[in-house]
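Everything on this sheet refers to the single structure shown next.
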Amino acid sequence: MLAKVLSGAVLGIDAYLVEVEVDIAQGLPTFTTVGLPETAVKESKERVKSAISNSGYVFPADKITVNLAPADIKKEGTGFDLPMALGILSATGLIPQEALSNYLILGELSLDGRVKPVKGSLPMAIAARDNGYAGIIVPHGNRREAAVIKDIPVYPVRNLFQAVDFIRGVRPIEPEQIDLGSIFNIDVPVTTDYSEVIGQGHVKRAMEIAAAGGHNLLMIGPPGSGKTMLARRLPTILPPLSFKEALETTKVFSVVGMLASGQALICQRPFRTPHHTISDAGLIGGGHIPRPGEASLAHNGVLFLDELPEFRKAVIEALRQPMEDRRVTIARAASTITYPSSFMLVAAMNPCPCGHFSDPKKECLCTYQKIHKYRSKISGPLLDRIDIHVEVPALSYGELLSDQKAEPSAAIRKRVMAARAVQNERFQHENFFCNAQMGNRQIRQYCKIDQASMVLLESAVNKLGLSARAYNRVLKIARTIADLAGEKNFTPDHVSEAIQYRALDRRKQPGMTL
Numbered sequence: 007m008l009a010k011v012l013s014g015a016v017l018g019i020d021a022y023l024v025e026v027e028v029d030i031a032q033g034l035p036t037f038t039t040v041g042l043p044e045t046a047v048k049e050s051k052e053r054v055k056s057a058i059s060n061s062g063y064v065f066p067a068d069k070i071t072v073n074l075a076p077a078d079i080k081k082e083g084t085g086f087d088l089p090m091a092l093g094i095l096s097a098t099g100l101i102p103q104e105a106l107s108n109y110l111i112l113g114e115l116s117l118d119g120r121v122k123p124v125k126g127s128l129p130m131a132i133a134a135r136d137n138g139y140a141g142i143i144v145p146h147g148n149r150r151e152a153a154v155i156k157d158i159p160v161y162p163v164r165n166l167f168q169a170v171d172f173i174r175g176v177r178p179i180e181p182e183q184i185d186l187g188s189i190f191n192i193d194v195p196v197t198t199d200y201s202e203v204i205g206q207g208h209v210k211r212a213m214e215i216a217a218a219g220g221h222n223l224l225m226i227g228p229p230g231s232g233k234t235m236l237a238r239r240l241p242t243i244l245p246p247l248s249f250k251e252a253l254e255t256t257k258v259f260s261v262v263g264m265l266a267s268g269q270a271l272i273c274q275r276p277f278r279t280p281h282h283t284i285s286d287a288g289l290i291g292g293g294h295i296p297r298p299g300e301a302s303l304a305h306n307g308v309l310f311l312d313e314l315p316e317f318r319k320a321v322i323e324a325l326r327q328p329m330e331d332r333r334v335t336i337a338r339a340a341s342t343i344t345y346p347s348s349f350m351l352v353a354a355m356n357p358c359p360c361g362h363f364s365d366p367k368k369e370c371l372c373t374y375q376k377i378h379k380y381r382s383k384i385s386g387p388l389l390d391r392i393d394i395h396v397e398v399p400a401l402s403y404g405e406l407l408s409d410q411k412a413e414p415s416a417a418i419r420k421r422v423m424a425a426r427a428v429q430n431e432r433f434q435h436e437n438f439f440c441n442a443q444m445g446n447r448q449i450r451q452y453c454k455i456d457q458a459s460m461v462l463l464e465s466a467v468n469k470l471g472l473s474a475r476a477y478n479r480v481l482k483i484a485r486t487i488a489d490l491a492g493e494k495n496f497t498p499d500h501v502s503e504a505i506q507y508r509a510l511d512r513r514k515q516p517g518m519t520l
């Protein structure tokens, strides 16, 4: 007897359809899986056999062959357990074949027949909808994640027995329904706020500009000056995720299996803080079985690299392509996988190995050679891709004792959202949403400058040694500053403020500080 069950697998962050073909023939009792299964798929035969027997069904003592088509793509994960079990029961005549053909099915089986959550339910629900299936059968733990996709019924099952009864029409299952509006309107407790940060007004201004335009930012300052504290509060002033952004971000977390049980969507912008010992595969993505790295998990959010020079040089240099292209491409002999990685890079570093260079109160003990070696860990091409460089000085005793109330995050966020609204209107026909993502064509179109600003920029290029990429970065920052001010055109004030945020582009001359 031959039975066919429709399932799916993930390649990158998108799903493709897999046809699970089950053939039961007379012969010695064997269970063979073909179609390039990896280890977890090969081991499914033991889980399937036990789940069928422990659910009260008869496991056939015949020759069983399972083919996963297309057979030229390697199959990974445990989501084929439930389709295999249902295919075997259909091949033995328990389940009608025509009923199986209406659904896309996925789920991992435990030995007692329970259906456990799997990775990638969200992209598989999208694939089921796009291919016109009557519904998708998912584990109960993945029900809300899959139900985000409208126009396709999502049927959650807790065990094999429930799945069999539903397909046979014995016991109906109510499709999972969720209210997307209520998900986005959930109030998340605010545990951090810029009102808690003493002083550092110019750094907060730089972070406001970075948030408003989606710009990358580097903070340079001595230990204890508040760099990490400032960075961790950046998400409190970022605009909320749109549904399209939330869906893209959730797909990345779904294929990695990082969604909490019962979670439907990632509704807050990610804030990822990898340790400096991370590998290039951990940061960018890859590995023996390719998976997204921190750069993709920070998609539509913030990637914070604390103590930037402590990261291995090869690791941080690998960020150059994702920062430019907003995606990561992992090439293997058999296939090429692309992950999205449109993130804001926020980095922090000390000005020297001891951290006290340019600190008026503490003496720096580092030699010029040590300082040069420390800073050279960050290459010029990488610095060119970081829009804003800002110094974070140590606080004075008077500032620490000050009882002056700092501006709260809510007030800053209001200005950021107003600037983003201007950019959304400006780029409504483009494939991006903020100034930092403008290409050369958009810069020429939206960053026109007057004669006074042109003279100022010419002086900056000649005296500070700005590269062509840094020059474009200055124009983008000036565009964001003008948006925050509610002005359509640049002024020399906007350009001069933008130039001061390129601190590390200054030519290194004797006696110069950062």
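In terms of our numbering, the sequence shown opens at residue 7 and continues consecutively. Even glycine gets a Cβ: it sits at the ideal position worked out from N, Cα and C. The structure displayed is predicted, hence computed values, not measured ones.
DSSP places Pro399 outside both helix and strand once states are collapsed to three, so it counts as coil.
In terms of Cβ geometry, Asp390 and Arg475 form a close pair [threshold 7 Å].
Between Met350 and Val308 the beta-carbon gap is near 5 Å, inside 8 Å, which marks them as a contact. By the C-beta density criterion, Ala416 is exposed, having fewer than 16 other C-beta atoms within 10 angstroms. Around the beta carbon of Gln434, fewer than 16 other beta carbons lie within 10 angstroms, which makes this residue exposed. In the DSSP assignment, Ser415 falls within the alpha helix (DSSP H) that extends over 415-432. Per DSSP, reduced to three states, the secondary structure at Glu114 is strand. Look at Glu436 here: in three-state DSSP terms it is coil, with no helix or strand label. A direct Cα-to-Cα measurement between Ala320 and Arg338 gives close to 19 Å. Counting of Cβ neighbours within 10 angstroms places Leu8 among the exposed residues, the total staying below 16. Apart from the 5 residues on each side of it in sequence, Pro357 sits with its Cβ closer than 6 Å to the Cβ of Ile226, Phe363, Ser364, Leu520 in its chain, given in chain order.
Look at Gly14 here: in three-state DSSP terms it is strand. The Cβ atoms of His395 and Leu224 lie closer than 7 Å to each other.
The C-alpha of Val261 lies about 44 Å from the C-alpha of Gly471. The shortest C-alpha to C-alpha distance from Gly361 to any of Gln168, Leu112, Gly230, Thr71 is the one to Gly230. Between the alpha carbons of Glu27 and Gly14 lies a gap of roughly 13 Å.
Scanning the region 262-341 for uninterrupted beta strand (DSSP E) segments of 3 residues or longer gives 308-311, 333-337, listed from N- to C-terminal end.
According to the DSSP assignment, Met130 belongs to the alpha helix (DSSP H) that extends over 127-136. Distance from the CA of Leu244 to the CA of Leu490, rounded to the nearest whole angstrom, comes to 14 Å. Annotation: the continuous beta strand (DSSP E) that includes Asp29 extends over 20-31. Cβ neighbours of Asp87 within its own chain (closer than 7 Å, five residues either side excluded): Ser50, Arg53, Val54, Gly113, Glu114, Leu115. 7 Å or more divides the Cβ of Arg479 from the Cβ of Leu388.
According to DSSP, Lys69 shares a beta bridge with Ala31, Thr36.
One thing to note: Arg278 has its Cβ within 7 Å of the Cβ of Ala304. Around the Cβ of Phe249, a 10 Å sphere holds fewer than 16 other Cβ atoms; the residue is exposed. Here Arg239 is buried, its C-beta having at least 16 other C-beta atoms within 10 Å.
As a beta-bridge residue in DSSP terms, Thr344 pairs with Thr335.
Per DSSP, Gly207 lies in no beta strand (DSSP E); the unbroken alpha helix (DSSP H) holding it starts and ends at 207-219.
DSSP places Val47 in the uninterrupted alpha helix (DSSP H) bounded by 45-48. DSSP places Leu351 within a strand segment (E or B) once states are collapsed to three. A residue is called buried once 16 or more other Cβ atoms fall within 10 Å of its Cβ, and Ile58 is buried on that count. Excluding residues up to 5 positions away in sequence, Ala9, Lys10, Val11, Val26, Glu27, Val28, Val72, Leu106 lie with their Cβ nearer than 8 Å to the Cβ of Gly93 in the same chain. In this structure, the alpha-carbon of Ile322 lies about 46 Å from that of Pro181.
Taking 7 Å as the cut-off, the Cβ atoms of Ile215 and Glu405 do not count as close. For the 7 Å CB-CB criterion, Arg164 and Ile101 do not form a contact. Between Val461 and the set Ile505, Ala400, Asn222, the nearest pair of CA atoms involves Ile505.
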